[in-house]
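Student:
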Amino acid sequence: MSSLILKLFKIFFSRNFLIFVIIGFFNTFNCTIISGLLQRYLISHPNMAFVAGYAISLTVAYLLNSLVNFKQRPGFKKYIKFCISYIPNFIIQFITVLIAHNLLGLKEITAYAIAAIIGVPLTFLFTKFFVFEKKDASNQR
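Residue numbers (this note's numbering): 528 to 668.
Here's what the structure looks like:
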């Protein structure tokens, strides 16, 4: 049990996780702004605007994580794996938007922001071990 805790500690208190979180904040801002603009000007339904904004910001997140965080060359196969690794996060965020906006009546932008905060550790694990699985000692710091 203590070795599992130690492994998790090393994973979540690593340079990769810190950069992932920073990219996540940037991506959250992107997704929130893009979703809001889409909802205001192109797509009247807030949930569909969120889906489109999420898809656009996901591509930006992939490129930033590839080039800045994990220092790997972007590729189509990794992009597909990256998108797959975000499915659990998308489901959590989509449900959060449904609950926060549709049931609780929060403003769209607030619902988008709350949704973006949820699921980060799980998404990081999927991204690190499923997409950027290359074992590189320099990325473990």
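C-beta: ideal position from N, C-alpha, C; glycine also.
Count the other CB atoms within 10 Å of the CB of glycine 551; is the residue buried (16 or more) or exposed (fewer)?
Tutor: Counting from one through the sequence shown, the residue named residue 551 turns up at place 24. Label assigned to glycine 551: buried.
Student: Is phenylalanine 544 closer than 8 Å to phenylalanine 659 when the C-beta atoms are compared?
Tutor: To locate residue 659, count along the sequence shown from 1; it is residue 132. To locate residue 544, count along the sequence shown from 1; it is residue 17. Cβ distance not < 8 Å, so phenylalanine 659 and phenylalanine 544 don't count as in contact.
Student: Mark tyrosine 568 as exposed unless 16 or more other C-beta atoms lie within 10 angstroms of its C-beta, in which case mark it buried.
Tutor: What you label residue 568 is simply residue 41 of the sequence shown in a count that begins at 1. With fewer than 16 other Cβ atoms within 10 Å, it is exposed.
Student: Let me know the alpha helix (DSSP H) ranges lying completely inside the stretch 607-640, each 4 residues or longer, listed in chain order.
Tutor: Correct list: 614-624.
Student: In chain order, what residues of the same chain have a beta carbon less than 6 Å from the beta carbon of threonine 637, not counting five sequence neighbours either side?
Tutor: What you label residue 637 is simply residue 110 of the sequence shown in a count that begins at 1. Here the set comprises nothing.
Student: Roughly how many angstroms separate the alpha carbons of phenylalanine 621 and glycine 602, rounded to a whole number?
Tutor: Here residue 621 refers to the residue found at position 94 when the sequence shown is read from its first residue. Here residue 602 refers to the residue found at position 75 when the sequence shown is read from its first residue. So the two alpha carbons sit approximately 27 Å from each other.
Student: Flag this pair as yes or no: are the beta carbons of valine 587 and asparagine 616 separated by less than 8 Å?
Tutor: One-based indexing of the sequence shown puts residue 587 at position 60. One-based indexing of the sequence shown puts residue 616 at position 89. It is not a contact, given that the beta carbons lie outside the stated cut-off.
Student: Determine the burial state of serine 529: buried for a count of at least 16 other Cβ atoms within 10 Å of its Cβ, exposed for fewer.
Tutor: By one-based count along the sequence shown, residue 529 stands at place 2. Serine 529 is exposed by the Cβ-count criterion.
Student: Which class does glutamine 566 belong to by DSSP, given the choice of helix, strand or coil?
Tutor: Residue numbering aside, residue 566 sits at position 39 when the sequence shown is read from its first letter. Three-state result, glutamine 566: helix.
Student: Using a threshold of 8 Å, state whether the C-beta atoms of alanine 579 and isoleucine 570 are closer than that.
Tutor: Sequence index remark: in the sequence shown, residue 579 carries index 52 (1-based). Sequence index remark: in the sequence shown, residue 570 carries index 43 (1-based). Yes. Within cutoff.
Student: When you compare only the Cα positions, how much space is there between phenylalanine 657 and tyrosine 613?
Tutor: What you label residue 657 is simply residue 130 of the sequence shown in a count that begins at 1. What you label residue 613 is simply residue 86 of the sequence shown in a count that begins at 1. Taking the straight line joining both Cα atoms gives about 11 Å.
Student: Buried or exposed for proline 573, going by 16 or more other Cβ atoms inside 10 Å?
Tutor: The sequence position of residue 573 within the sequence shown is 46, counting from 1. It counts as buried.
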